Every structure is written in C-alpha cells, then in structure tokens.
Amino acid sequence: MKHLIKITIIALIAVSFTSCNNSARPNYQYMPNMYESVGYEAYQESNAFANGVEAQLPVDGSIPRGYTPFEYSSDVSGYNLAKAELVSPLDSTQFDEPRAKELYTIYCGICHGNKGNGQGNLVKREKILGVPSYDDAGRAINVGSIYHVMYYGKNSMGSYANFLSEEERWQVVAYVMKLKGDLEK
Amino acid sequence: MKKSYQSLEVNSIYNMKQVIHRKLSSNYLRLSLIFLLTFSTSIFAQDGDPVVGKSLFNANCIACHKLDKKMTGPALRKVESRLADSEGLDREWFYKWIKNSAGLIKSGDAYANKIYNEYNGAAMSAFPTLTNADIDNILAYTATEPTVAPPPPGPIDGGGSSTSQEGGISNKLILGALGVLFALLAGALFLVNKTLRNFADAKGVALTETKRTPIWKAFVQNQFLIFVTVIGLLLASAYFVYGFFMQVGVNQGYQPVQPIHYSHRIHAGDNGIDCKYCHSSARVSKHSGIPSLNVCMNCHKSIYEVAPKTQAEGLAEYGVDYNAEIKELYKAVGWDDAEQKYTGKSSPVKWIQIHKLPDFAYFNHSQHVVVGGIECQTCHGPIEEMEIVSQHAPLTMGWCINCHRKTDVKVKDNAYYTKIHEQLSKKYGVENLTAAQMGGLECGKCHY
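Chains as they are written, first to last, in UniProt numbering: chain W, 1 to 185; chain A, 1 to 448.
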C-alpha cells in the first residue's frame with residue numbers, strides 16, 4: 001500500500017514535468033511587467049476599432065508625404081490610356097540594375113521566370129498557368145502598360161502596389177523592359 | 001472519322017439534355033436538329049486536333065479560362081456546342097470573338113455584348129496572331145470529354161481522415177498490446193512466486209530470512225558516504241534549478257498551432273517562393289511582418305486546390321486536409337470561389353506570434369537583412385523545411401551578443417562606413433570589423 005502511494009506520487013510528478021514541456025504553449029515569464037508593451041504593437045488586437053485590429057487603413061483621401069497620385073483608372077480604358085501616354089520618371093542614369101534585378105527576382109520571377117520568358121518556378125511546376133512571355137507580340141507591353149499592370153493587376157495577376165514603393169516600381173518596370181529587349185534579340 | 005462521329009454523338013446527347021431540361025416545344029427541337037446538322041458538317045470539314053489545341057489553350061487562354069470552372073472568363077468545356085444551342089452561334093463567331101473580342105463587342109453583336117456585360121466589362125485579350133486552324137484546334141480541345149480523374153487518394157472527408165487515423169490507431173494498438181503483455185508477465189511472475197512459496201510451505205522448508213543489516217542501515221552508519229551523497233545531491237539540484245531559471249522566458253522550440261495550417265515547407269521550400277515575397281517589410285523596416293491576405297490571393301485566386309499528390313502527402317504525413325485549409329483562407333478574405341468575386345465579408349486571421357522579444361529590447365530586421373546581409377535562416381533556422389514554424393534560436397541577449405562578436409560588418413561598397421571603418425580599424429588594429437567593434441555591444445543600441 002505504501003509503495004503504491006509512493007509510485008503514484010512519483011508518477012504524478014513525472015506527468016506534471018512533461019505537461020510543462022508543451023511546445024505549443026509559450027514559456028513562463030518572470031515578472032513580465034516590462035515584457036509586454038503598453039502601447040500597441042504591430043498587428044495587435046484592439047477593441048478600440050470596429051474590426052478588432054490595431055492596424056487600420058489610412059482615412060480615405062489622406063496622402064502620404066512625397067506621394068504622387070496615380071490618375072489612371074483600374075479598368076481597360078485606364079490601361080489603354082497608360083499604355084498610350086504614361087512614361088517613366090526615371091532616366092537611364094537612375095536605373096539601378098542590381099537592385100531592380102533583386103526586386104524582380106523576389107516578386108515577379110516566381111511566375112514570370114528570371115528571364116521574363118513566362119517560365120517561372122510556379123509555371124514549371126504547373127501551379128499557375130497562362131503567364132505570358134514579355135516579348136509576346138499580341139500584348140506589345142510598354143513602360144506605361146507594365147506600370148499599370150503592377151499598380152492594379154490584370155485578370156489573374158494581382159496588384160503589386162503594396163509590395164513596392166513608387167520608385168521601386170519604376171525600377172522594376174525598367175528591368176522588365178530590359179528583359180523584353182533581351183528576349184527580342 | 002471515328003472521332004468526328006463521337007463528337008457528333010456528344011453534340012446530340014448534349015442537345016437531348018438541353019431539351020429535356022428546358023421542356024422546349026418540338027418546334028425548337030426540330031430547329032435545333034437542323035442546326036445540329038448544319039453545324040456538324042462544319043465539324044466534319046474542319047475538325048481540329050485536341051492535342052495541339054491543348055498546348056495552345058494552355059499558352060493563351062488558361063490565364064482566364066478553365067475548362068470546368070469559372071475563372072476570369074466562363075468555363076469553356078463544350079463552349080461551342082453550348083453556344084450553338086442556346087445562342088445559335090457558329091464557328092465564324094468564335095473566330096471573330098477570339099481574334100478580337102473588343103471589335104466584335106463594338107460592332108454591336110448581341111451575344112458578345114451580353115456576355116461582356118455579364119462579366120462586368122472584363123475584357124478578353126485579343127489574339128490576332130491565332131489562325132483559324134489554331135482556333136479549330138482549341139475548340140476541339142474544349143470539346144473533349146473530361147478525363148475521369150483518378151480518384152484522388154483520399155476524398156476530402158471520408159477516406160482521408162481514415163488514412164490519417166489509421167496511423168494513430170495502429171500506434172495505440174501496439175502500445176496497448178505491450179501494456180497487456182507486461183501486465184500478463186507481472187501476473188505470471190507473481191503467481192510463480194506464490195506457488196513456489198506454497199511448495200516450500202508444503203515441504204516444510206523454512207524460508208530463513210538471513211539476518212543481514214539492510215543496505216540503507218549500513219549507509220546511514222557510514223558518515224563519509226552520507227557526506228558525499230549530500231554534496232552530490234546539492235550540486236545536482238543546483239544544476240537543475242539553475243537550468244530551470246535560465247530557461248524561464250526563453251521560448252526556443254515554441255510551435256503554436258496556427259488558425260490556418262500554412263506550410264512554409266510547401267511555399268518557401270517546394271515551390272521556392274522568396275521569403276521577402278511575403279515578408280515584404282523585412283527589406284525596409286523593423287518588422288518583418290506577416291503578409292496580409294491580399295498577398296495570398298495573388299496566387300490563390302488561381303490555386304484553388306492543391307495538386308492531388310500534395311493533398312495525398314498532407315493527409316498521409318501531417319494529417320491535414322490542404323484543400324480545406326485553402327477554403328479557410330477564402331473564408332477569411334471573403335472570396336467566393338464559385339462566383340470569382342469578393343463577398344466583402346472578411347475576418348482577420350489571428351496568427352499567433354512566435355518570435356517575440358520583450359518590449360525593452362529593440363531589434364530591427366532591415367538592419368540585419370539589408371545592411372548586414374544576413375540570411376533569414378541564420379536566425380530563424382531551416383524555415384523552408386518546416387511544416388509548422390517553430391522558434392529556432394533562443395533569442396536571449398547572449399545569443400545576440402555572441403553573433404555581434406563573431407560577425408564581420410559588410411563595409412565594402414558602403415559609403416556610409418568608409419570613414420568610421422578607417423578610424424576603427426586603426427583603433428583596433430584589424431582589417432575586418434565585427435559588429436561588436438562597431439558598437440554592437442552598447443547597451444543603448446538594444447535597450448532604450
């Protein structure tokens with residue numbers, strides 16, 4: 001009988017140790033007063049706002065410093081207009097090819113391929129199909145149309161406006177034009 | 001010859017269906033029969049090659065059309081016979097539409113305008129480069145019967161869960177069997193002992209318990225031994241207590257269950273998506289950030305289910321139904337996959353934060369990733385192999401400091417560092433500066 005009690009006590013202790021070691025729960029903190037931020041942290045929940053998160057969209061119509069508005073609409077007419085008249089604010093000396101290439105490889109290469117021939121990794125693995133090559137004659141893309149597509153997306157391609165700043169977008173546009181030139185060679 | 005017969009049959013079957021379905025008058029039936037005949041001659045005349053058509057379709061159309069599912073444009077399986085029945089359109093119409101749909105819409109074609117408006121003015125690209133023969137091939141491809149898909153290994157609910165459960169059951173079975181075995185053994189030993197004793201009693205053998213001093217008494221009497229053991233115990237407990245206190249607040253290995261089973265193994269590993277595609281702000285800010293759901297939708301508008309192989313692997317190895325997880329994603333962003341549009345009802349996904357420094361320590365991603373040129377994996381471990389992310393590094397102060405002591409700063413081609421580099425290399429008499437020598441050990445850099 002005595003043994004039984006001892007054994008159960010030992011077993012209980014062992015069990016309590018293992019249950020502390022649960023990787024799906026965070027560890028204990030000692031005096032956490034200065035561990036948790038008093039102010040809001042990024043992405044924190046907050047019941048101050050209707051949708052329950054701290055991250056909010058800027059009020060409609062607010063304009064960040066240094067922002068130039070993009071006045072083409074997202075539909076086909078805006079696309080055609082941009083294609084016809086929009087030009088890059090960068091001149092050839094401002095084109096920073098290594099950086100543009102890096103950005104292109106991160107954001108576009110996965111579908112369009114690092115050479116721009118429409119054979120990115122996802123296309124080769126047949127996860128996403130119908131990605132055009134930049135030298136597609138029927139599309140005849142140019143600076144304005146590329147920028148419009150990056151800004152608003154087109155059909156099954158999404159918008160990349162929130163990934164890249166305005167200047168970075170123009171860098172990528174210049175790089176896409178370079179790839180197009182290389183493909184047409 | 002056989003092929004066109006088949007497609008004719010297909011057409012007529014299709015017609016019958018339509019007729020039954022709509023309960024149309026026999027008049028219409030006759031009309032459509034006549035129509036079918038005229039139509040089928042055109043099929044005889046210019047039957048395309050579905051194999052060539054498939055590659056053309058995949059090259060040009062699949063961005064917007066699937067055969068059996070509405071995407072940006074309508075589902076195209078049997079589109080020719082469908083439109084021939086319902087709208088009386090012939091192949092000429094298809095040539096015009098596919099080569100230049102905008103032109104056809106402008107010309108005032110009734111059906112072209114109708115479908116254009118139905119898709120809220122989404123424009124189909126013009127394909128002036130396609131020849132009539134190309135279009136014949138494409139249409140032949142759209143007319144093929146759906147290949148009876150090999151039954152997916154594990155239909156979403158029934159079969160799938162059973163495979164995943166089987167693993168669990170068999171494990172439990174083995175454990176249970178072992179337990180029973182041990183119990184039996186123990187029982188047998190006990191019984192043997194008892195019978196032996198009974199024998200001894202019966203034979204009159206006295207089981208003399210020899211009067212030895214029990215070992216613990218001998219131990220208590222030996223003071224030296226006690227001394228050594230006490231010291232040993234003290235040291236051991238100090239070691240464990242120290243170890244216990246030092247791991248308080250350290251979350252190495254923390255691996256919470258996330259609301260959507262999102263796998264870095266599949267995205268960053270198998271499909272090679274760059275970390276910064278999703279963790280975009282690591283380039284420019286303190287935070288690396290968790291991607292907002294519109295980032296996911298850049299791909300998942302097109303990827304509405306995983307390949308059967310991926311699905312089977314998920315069920316067998318991880319016990320998750322990947323397709324159901326993509327549905328979860330759609331629910332959270334409010335994307336109606338059948339209608340291909342946003343419902344406007346979205347709910348934020350409550351991802352659980354894993355890596356978290358206390359509020360009094362400051363860590364900046366762009367300083368390390370962009371300026372320092374450190375790979376994500378140096379700090380976060382082999383994320384691209386993790387099905388579920390876990391914290392790889394301890395994130396203690398010692399960990400930060402150690403790396404600052406060991407790692408050289410990249411001063412090359414960085415005008416910002418030229419002057420300070422010269423001065424500091426003179427001061428320390430070294431060629432390469434470590435982050436520590438640049439001031440990476442100053443308390444104020446990390447604590448404010």
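Beta carbons: idealized from backbone N, C-alpha and C, even for Gly.
These numbers were taken from a predicted model, which means no experiment stands behind them.
With a threshold of 8 Å between beta carbons, is residue i in contact with chain A?
{"i": "Glu-166(W)", "result": "no"}
{"i": "Ile-5(W)", "result": "no"}
{"i": "Tyr-107(W)", "result": "yes"}
{"i": "Phe-95(W)", "result": "no"}
{"i": "Asp-91(W)", "result": "no"}
{"i": "Gly-66(W)", "result": "no"}
{"i": "Arg-99(W)", "result": "no"}
{"i": "Val-76(W)", "result": "yes"}
{"i": "Lys-127(W)", "result": "yes"}
{"i": "Gln-29(W)", "result": "yes"}
{"i": "Tyr-35(W)", "result": "yes"}
{"i": "Gly-158(W)", "result": "yes"}
Determine the direct distance from the alpha carbon of residue j to that of residue i, and round the result to whole angstroms.
{"i": "Lys-194(A)", "j": "Ala-186(A)", "result": "12 Å"}
{"i": "residue 463(A)", "j": "Cys-296(A)", "result": "Here chain A has residues from 1 to 448 only, and residue 463(A) is not among them."}
{"i": "Leu-76(A)", "j": "Phe-57(A)", "result": "10 Å"}
{"i": "Leu-196(A)", "j": "Ala-183(A)", "result": "20 Å"}
{"i": "Phe-227(A)", "j": "Phe-240(A)", "result": "20 Å"}
{"i": "Arg-82(A)", "j": "Thr-129(A)", "result": "25 Å"}
{"i": "Phe-245(A)", "j": "Ala-393(A)", "result": "18 Å"}
{"i": "Ile-273(A)", "j": "Arg-125(W)", "result": "12 Å"}
{"i": "Met-150(W)", "j": "Tyr-304(A)", "result": "23 Å"}
{"i": "His-261(A)", "j": "Val-180(A)", "result": "37 Å"}
{"i": "Asn-120(A)", "j": "Ala-48(W)", "result": "37 Å"}
{"i": "Asn-251(A)", "j": "Tyr-28(W)", "result": "9 Å"}
{"i": "Ile-383(A)", "j": "Gln-255(A)", "result": "12 Å"}
{"i": "Tyr-362(A)", "j": "Met-34(W)", "result": "13 Å"}
{"i": "Ala-200(A)", "j": "Phe-190(A)", "result": "15 Å"}
{"i": "Ala-24(W)", "j": "Met-397(A)", "result": "23 Å"}
{"i": "Tyr-79(W)", "j": "Tyr-428(A)", "result": "59 Å"}
{"i": "Gln-171(W)", "j": "Ala-316(A)", "result": "45 Å"}
{"i": "Gly-159(A)", "j": "Ile-135(A)", "result": "Residue placement at Gly-159(A) is flagged as unreliable, the pLDDT there being 36, under the threshold of 50; the coordinate-derived value follows with that caveat. Rounded to whole angstroms, Gly-159(A) to Ile-135(A) spans 41 Å at the Cα level."}
{"i": "Ile-62(A)", "j": "Gly-130(W)", "result": "5 Å"}
{"i": "Lys-78(A)", "j": "Ala-143(A)", "result": "5 Å"}
Closer than 8 Å, CB to CB, is residue i near chain W or not?
{"i": "Pro-308(A)", "result": "no"}
{"i": "Tyr-239(A)", "result": "no"}
{"i": "Ser-7(A)", "result": "With a pLDDT of 40 at Ser-7(A), under the threshold of 50, the modelled position of that residue is not reliable, and the figure given next carries that caveat. Output row for Ser-7(A): interface = no."}
{"i": "Val-257(A)", "result": "yes"}
Run through DSSP, which three-state label would residue i get?
{"i": "Glu-45(W)", "result": "strand"}
{"i": "Tyr-342(A)", "result": "strand"}
{"i": "Asp-408(A)", "result": "strand"}
{"i": "Ala-332(A)", "result": "helix"}
{"i": "Thr-434(A)", "result": "strand"}
{"i": "Lys-327(A)", "result": "helix"}
{"i": "His-365(A)", "result": "helix"}
{"i": "Lys-356(A)", "result": "coil"}
{"i": "Val-173(W)", "result": "helix"}
{"i": "Met-34(W)", "result": "helix"}
{"i": "Lys-78(A)", "result": "coil"}
{"i": "Val-53(W)", "result": "strand"}
{"i": "Lys-115(W)", "result": "coil"}
{"i": "Met-386(A)", "result": "coil"}
{"i": "Lys-154(W)", "result": "strand"}
{"i": "His-261(A)", "result": "coil"}
{"i": "His-380(A)", "result": "helix"}
{"i": "residue 505(A)", "result": "Nothing in the structure corresponds to residue 505(A), since chain A is present only between 1 and 448."}
Sort the options by Cα distance to residue i and report the nearest one.
{"i": "Val-370(A)", "options": "Pro-50(A), Val-284(A), Ile-231(A)", "result": "Val-284(A)"}
{"i": "Ser-92(W)", "options": "Met-177(W), Ala-140(W), Ser-62(W)", "result": "Met-177(W)"}
{"i": "Asn-364(A)", "options": "Gln-391(A), Glu-384(A), Cys-400(A), Asp-337(A)", "result": "Cys-400(A)"}
{"i": "Pro-89(W)", "options": "Pro-132(W), Val-173(W), Asp-182(W)", "result": "Val-173(W)"}
{"i": "Ala-448(A)", "options": "Leu-395(A), Phe-360(A), Met-438(A), Val-411(A)", "result": "This sequence places Tyr at residue 448(A); Ala is not what is there. When each option's Cα is compared against that of Tyr-448(A), the closest is Phe-360(A)."}
{"i": "Tyr-104(W)", "options": "Gly-103(A), Ser-280(A), Phe-224(A), Asp-337(A)", "result": "Ser-280(A)"}
{"i": "Pro-132(W)", "options": "Ser-145(W), Asn-117(W), Pro-32(W), Ile-63(W)", "result": "Asn-117(W)"}
{"i": "Lys-406(A)", "options": "Gly-372(A), Pro-259(A), Trp-335(A), Val-349(A)", "result": "Gly-372(A)"}
{"i": "Gln-340(A)", "options": "Lys-70(A), Leu-173(A), Asn-222(A)", "result": "Lys-70(A)"}
{"i": "Ile-352(A)", "options": "Ile-215(A), Ser-302(A), His-368(A), Ser-390(A)", "result": "Ser-390(A)"}
{"i": "Ile-106(W)", "options": "Leu-175(A), Ala-282(A), Val-79(A), Cys-61(A)", "result": "Ala-282(A)"}
{"i": "Ile-141(W)", "options": "Glu-102(W), Glu-167(W), Asn-162(W), Ala-82(W)", "result": "Ala-82(W)"}
Going residue by residue through the segment 263-328 of chain A, where are the continuous alpha helix (DSSP H) segments of at least 4 residues, counting only ones entirely within it?
275-278, 293-300, 308-313
As an exercise, report each continuous beta strand (DSSP E) stretch of at least 3 residues that is fully enclosed by the UniProt domain "Cytochrome c" (48-146) of chain A, in chain order.
None, since the UniProt domain "Cytochrome c" (48-146) of chain A contains no complete beta strand (DSSP E) of that length.
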